[in-house]
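Take a look at the structure below.
Protein chains in written order, with my numbering: chain A, 13 to 622; chain B, 508 to 759.
Encoded structure:
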């Protein structure tokens with residue numbers, strides 16, 4: 013075992029992690045621990061753009077952007093956070109340009125902007141050009157630019173290190189914390205993939221920037237490595253997860269594969285058609301049609317298929333039509349995604365429409381934080397020295413449905429904020445003592461998995477999980493389908509205890525790590541489904557066919573889910589009595605649901621029409 | 508009812524029937540033996556399966572110890588460059604049907620970097636070369652209060668080399684790099700090109716000086732392996748030529 017000491021430790025080297033590192037490493041001794049080489053992170057797969065009301069090509073302002081974000085999130089957005097997101101967007105884009113990001117340019121040489129779903133002028137009047145972009149590889153350029161600047165600033169990385177535990181000075185799963193008492197994050201435990209060695213990182217401040225959990229689903233745009241690690245680690249240590257029932261299904265995944273085709277395709281004029289060639293979005297969103305927010309478009313597509321107007325031999329997808337666009341325009345603005353259609357489906361987008369279907373894309377929920385990035389341990393109090401940013405976190409700027417281009421924005425705005433806040437905190441804070449053996453849980457977990465001589469294959473359990481999530485917890489959900497998923501997950505949790513790996517070695521044991529990741533996936537799928545069962549309304553990305561309307565009277569609240577031992581309390585600070593008083597018992601633990609108010613500033617909830 | 512893609516798996520290109528394919532994989536595990544070996548696996552593949560799908564089938568259903576890197580699985584993260592039938596490619600972007608599945612398909616680690624285990628190589632030397640060419644925008648004077656302006660033509664000048672995903676397919680296909688690991692290699696030069704030809708950058712002469720070194724661009728023998736290997740379609744050799752020309756024409 014090796015021990016390290018840093019003022020700030022950042023877990024994850026995608027956009028949020030590296031943006032935080034660029035701030036904190038200027039002020040404090042910082043290490044970035046990442047399970048991938050930084051340039052492999054999934055920020056690099058983001059395509060379409062990053063929203064900011066620069067008004068470079070037409071009239072725009074951050075207040076309209078705030079409104080669109082709040083409305084897009086079906087009013088479950090914390091409006092103070094959305095305002096920060098929209099205001100600081102402008103400086104965030106300019107930061108990236110000054111760092112060297114090669115944005116596409118207007119004829120005058122300014123950063124060019126294009127249309128994207130749900131972004132409108134003057135509170136929904138018409139679509140507005142707000143997305144700053146670099147062809148259809150904006151995420152790639154952000155990831156590269158941030159890494160380049162980390163090289164410039166000599167940021168210290170621990171690559172291919174898996175963080176497998178978070179250490180705090182109180183056990184939040186069991187202890188009742190007295191009013192006014194501090195809870196501190198003190199370090200993390202990591203596994204070095206190359207050697208199999210355990211490393212302990214003691215830190216004054218820790219930032220989680222571990223990304224999403226799309227691999228709980230079968231059809232997903234997410235990387236194999238997006239297994240909800242950071243969310244699951246926080247959750248297992250007794251921290252709540254917020255709004256996990258809200259998962260975004262991106263309308264245009266390549267049919268059957270889930271590979272993302274950017275919304276920019278529609279921003280540049282692409283049209284969705286059903287088997288009859290009808291532009292069906294005209295019926296569902298008469299004003300902005302194909303550029304309605306993702307939840308609405310995904311549901312409309314699934315509905316077309318369900319009602320028999322799907323295309324293809326099995327009538328199970330719809331078509332993204334780019335054939336009316338000039339090939340030169342497609343090559344200039346959408347080169348990568350058209351290449352995906354050619355490579356993976358053998359479709360030529362110049363002349364043929366591309367088969368598409370919704371694909372699991374983005375977790376709106378995650379580890380709850382305030383606007384400084386500090387992680388909440390209940391509805392009110394923070395964990396001192398613990399921060400989160402990016403998809404792992406829930407601020408909540410996305411509410412129940414994120415707008416396209418707001419996630420590249422989120423990682424930059426809240427990555428920067430959390431990096432600054434963590435470094436600031438580390439300047440005055442001191443190290444807290446670690447337990448005598450901080451690695452005990454991780455070592456036991458790894459040994460148990462590695463030493464189990466025979467058992468079920470990890471891949472079989474994972475496949476069963478992904479199948480049930482796609483079947484029962486996707487675009488359309490009902491109480492029955494969700495209960496089916498939950499009962500499957502209970503069974504799979506049991507089977508997981510009997511899973512074994514074949515690679516028993518120490519060096520570069522990816523078999524072992526996939527097994528550990530499956531444990532994270534099961535826990536995240538479980539809490540997602542429990543929260544979805546409890547929310548008996550339809551809002552944003554969570555659509556309950558048995559409760560098809562939004563129910564503000566009862567559900568205008570954030571879900572806060574806690575995992576605790578059976579004997580622990582069913583209450584949490586800051587909880588509001590009501591429909592969120594639910595406890596789900598499992599074998600050896602329980603999931604306790606609580607709630608947290610939604611912060612409203614300027615905008616009264618209205619019916620959501622586009 | 509819930510919409511699902513269960514039945515959509517064959518996809519529109521699914522007319523290509525399923526087939527059986529032999530994957531001949533270069534195995535190496537230093538915990539077991541110092542010698543690498545070849546091992547054959549036979550897998551059932553669907554028409555549009557990629558090499559990565561076949562590797563996953565082996566790892567998930569047959570031999571969990573098979574070791575390789577992968578992440579995004581659609582050609583943008585750069586994790587899974589490997590030597591497939593003797594040519595560097597991304598496993599996630601190579602369809603089995605396109606690499607003659609009637610014969611065994613050979614899969615080896617990329618060449619010129621130390622092999623860690625099976626298809627995994629040590630990427631550190633590769634990233635060290637990248638870091639040496641100062642892969643970041645260098646400017647002098649005060650930062651502008653808004654964005655720097657750049658014409659679409661100036662932006663287009665270096666567009667091709669911004670596509671690089673640092674997968675190392677080019678560098679590890681270069682015969683010069685195989686025999687001399689000190690050579691910067693195509694990927695580092697591509698990333699230097701991306702800044703040397705960026706109108707906003709003022710560090711071109713420093714980079715050219717670094718690449719004028721004996722392990723720099725002059726080692727390039729214009730074999731075009733790198734251009735053929737690039738999964739992003741970057742004209743790598745052309746970029747190297749442009750850097751060479753800049754060295755001759757720009758005084759630094």
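The beta-carbon is built from N, C-alpha and C at its ideal position, and this holds for glycine as well. Note that the structure is a prediction, hence the values are computed from the model and not measured.
Taking three-plus beta-carbon pairs below 8 Å as touching, is the region 499-516 of chain A in contact with the region 556-571 of chain A?
no
Is it the case that the region 591-606 of chain B contacts the region 545-559 of chain B, given that we only count it when at least three CB pairs across the two stretches are under 8 Å?
yes
Any idea what DSSP makes of residue 468 of chain A, helix, strand or coil?
Translated into positions along the first chain, residue 468 of chain A becomes position 456. Strand, per DSSP.
Contact set between the region 613-645 of chain B and chain A, restricted to residues whose Cβ is under 7 Å from the partner
623, 624, 627, 630, 638, 642, 643 and 644
Helix, strand or coil for residue 704 of chain B per DSSP?
Here residue 704 of chain B refers to the residue found at position 197 of the second chain. Residue 704 of chain B: coil per DSSP, three-state reduction.
When the distance is taken between beta carbons, is residue 93 of chain A closer than 8 Å to residue 430 of chain A?
What you label residue 430 of chain A is simply residue 418 of the first chain in a count that begins at 1. What you label residue 93 of chain A is simply residue 81 of the first chain in a count that begins at 1. Taking 8 Å as the Cβ cut-off, residue 430 of chain A and residue 93 of chain A do not qualify as a contacting pair.
Using CA coordinates, which residue listed in A/511, A/401, A/87 and A/95 is at the minimum distance from residue 465 of chain A?
Mapped onto the first chain, residue 465 of chain A falls at position 453. Comparing Cα-Cα distances from residue 465 of chain A to each of A/511, A/401, A/87 and A/95, the minimum goes to A/511.
Grab the span of the alpha helix (DSSP H) containing residue 135 of chain A for me, first residue to last.
Taking the first residue of the first chain as position 1, residue 135 of chain A is located at position 123. Note, residue 135 of chain A: premise wrong, no alpha helix (DSSP H); not H, not E.
Go ahead and pull the three-state DSSP assignment for residue 196 of chain A.
In the first chain, residue 196 of chain A corresponds to position 184, counting from 1. Strand, per DSSP.
Looking only at its own chain, which residues have a Cβ that is under 7 Å from the Cβ of residue 488 of chain A, when we skip the five neighbours before and after it?
In the first chain, residue 488 of chain A corresponds to position 476, counting from 1. Cβ neighbours of residue 488 of chain A beyond the five flanking positions: 314, 555 and 557.
Determine the closest residue to residue 55 of chain A out of A/155, A/112, A/86 and A/374, with distance taken between C-alpha atoms.
The residue you call residue 55 of chain A lines up with position 43 of the first chain. Of the listed residues, the one whose Cα sits closest to residue 55 of chain A is A/155.
For the 8 Å Cβ check, are there 3 or more pairs between the region 251-260 of chain A and the region 287-305 of chain A?
no
Assigned secondary structure, residue 162 of chain A (DSSP; H/G/I helix, E/B strand, else coil)
Here residue 162 of chain A is taken as the residue at index 150 of the first chain, counted from 1. Helix, per DSSP.
With a cut-off of 8 Å, does the C-beta of residue 520 of chain A fall near any C-beta of chain B?
The residue labelled residue 520 of chain A in the question sits at position 508 within the first chain. Cβ-Cβ to chain B under 8 Å: yes for residue 520 of chain A.
I'd like to know whether the C-beta of residue 562 of chain B is nearer than 8 Å to at least one C-beta of chain A.
Sequence index remark: in the second chain, residue 562 of chain B carries index 55 (1-based). Chain A contact via Cβ: absent.
Quick check: is the beta carbon of residue 653 of chain B nearer than 8 Å to any beta carbon in chain A?
Your numbering for residue 653 of chain B matches position 146 in the second chain. Yes, residue 653 of chain B lies at the interface with chain A (some Cβ there is under 8 Å from its Cβ).
What is the DSSP secondary structure of residue 189 of chain A, counted as helix, strand or coil?
In the first chain, residue 189 of chain A corresponds to position 177, counting from 1. In this structure, residue 189 of chain A counts as coil in the three-state DSSP scheme.
Contact defined as beta carbons within less than 8 Å: I believe residue 576 of chain B pairs with residue 672 of chain B. What is the distance between those atoms, to the nearest angstrom?
By one-based count along the second chain, residue 576 of chain B stands at place 69. By one-based count along the second chain, residue 672 of chain B stands at place 165. At roughly 13 Å, the Cβ-Cβ gap does not stay under 8 Å, so residue 576 of chain B and residue 672 of chain B are not in contact.
If you draw a straight line from the alpha carbon of residue 177 of chain A to that of residue 726 of chain B, how long is it in whole angstroms?
By one-based count along the first chain, residue 177 of chain A stands at place 165. By one-based count along the second chain, residue 726 of chain B stands at place 219. The alpha-carbon atoms of residue 177 of chain A and residue 726 of chain B are separated by roughly 47 Å.
Starting from residue 265 of chain A, trace the beta strand (DSSP E) both ways and give me its first and last residue.
Looking up residue 265 of chain A in the first chain gives position 253. Element bounds for residue 265 of chain A: 259-266.
Rounded Cβ spacing between residue 375 of chain A and residue 403 of chain A (contact assumed at less than 8 Å)
Start at 1 with the first residue of the first chain, and residue 375 of chain A comes out as number 363. Start at 1 with the first residue of the first chain, and residue 403 of chain A comes out as number 391. That pair is a contact at about 6 Å.
How would you write the range of the alpha helix (DSSP H) that residue 678 of chain B sits in, first residue to last?
Taking the second chain and counting its residues from 1, the one referred to as residue 678 of chain B is at position 171. Looking at the DSSP string, residue 678 of chain B is not in any alpha helix (DSSP H), and its letter there is neither H nor E.
Under 9 Å Cβ-Cβ, which residues of chain B neighbour residue 35 of chain A?
Residue numbering aside, residue 35 of chain A sits at position 23 when the first chain is read from its first letter. Per Cβ cutoff of 9 Å: no residues; residue 35 of chain A is ~16 Å from chain B at best.
Residues that residue 160 of chain A contacts on chain B, provided the C-beta gap is smaller than 8 Å:
What you label residue 160 of chain A is simply residue 148 of the first chain in a count that begins at 1. Within 8 Å Cβ-Cβ: 642, 643 and 644.
Could you name the residues of chain B that residue 52 of chain A contacts, counting a contact when the two beta carbons are closer than 7 Å?
Here residue 52 of chain A corresponds to residue number 40 of the first chain, with the count starting at 1. Those within 7 Å of residue 52 of chain A in chain B are 578, 584, 585 and 586.
Host alpha helix (DSSP H) of residue 14 of chain A (start-end)
Mapped onto the first chain, residue 14 of chain A falls at position 2. Unbroken run through residue 14 of chain A is the beta strand (DSSP E), 14-23; no alpha helix (DSSP H).
Beta-carbon within less than 7 Å of residue 269 of chain A's beta-carbon, same chain only, minus the 5 sequence neighbours each way: which residues are those?
Here residue 269 of chain A is taken as the residue at index 257 of the first chain, counted from 1. Only 356 meet the Cβ criterion.
Which residues mark the beginning and the end of the beta strand (DSSP E) in which residue 606 of chain A is found?
Against the first chain, residue 606 of chain A aligns to sequence position 594. From DSSP, the beta strand (DSSP E) with residue 606 of chain A extends over 601-609.
Cα separation between residue 533 of chain B and residue 526 of chain B?
Looking up residue 533 of chain B in the second chain gives position 26. Looking up residue 526 of chain B in the second chain gives position 19. In a straight line, the C-alpha of residue 533 of chain B is about 22 Å away from that of residue 526 of chain B.
Which same chain residues end up closer than 8 Å to residue 461 of chain A when comparing Cβ atoms and leaving out the 5 residues on each side of it in sequence?
The sequence position of residue 461 of chain A within the first chain is 449, counting from 1. Contacts found: 511, 512, 513, 524, 527 and 528.
Compare the beta carbon distance of residue 100 of chain A and residue 432 of chain A with 8 Å and say whether it is the shorter of the two.
Counting from one through the first chain, the residue named residue 100 of chain A turns up at place 88. Counting from one through the first chain, the residue named residue 432 of chain A turns up at place 420. Contact: no.
Would the beta-carbon of residue 276 of chain A fall within 8 Å of that of residue 59 of chain A?
The residue labelled residue 276 of chain A in the question sits at position 264 within the first chain. The residue labelled residue 59 of chain A in the question sits at position 47 within the first chain. Contact flag set, yes.
Does the contact criterion of 3 or more C-beta pairs under 8 Å hold for the region 434-444 of chain A versus the region 14-22 of chain A?
yes
Below 8 Å, how does it come out for the region 561-575 of chain B and the region 532-548 of chain B: are there three or more Cβ pairs, yes or no?
yes
Comparing C-alpha positions only, which one of B/607, B/583, B/597 and B/542 sits nearest to residue 530 of chain B?
Counted from its first residue, the second chain places residue 530 of chain B at position 23. Comparing Cα positions, the closest option is B/607.
Please report the straight-line C-alpha distance between residue 743 of chain B and residue 622 of chain A, rounded to a whole angstrom.
Position 236 of the second chain, counted from the start, is the residue given in the question as residue 743 of chain B. Position 610 of the first chain, counted from the start, is the residue given in the question as residue 622 of chain A. The alpha-carbon atoms of residue 743 of chain B and residue 622 of chain A are separated by roughly 46 Å.
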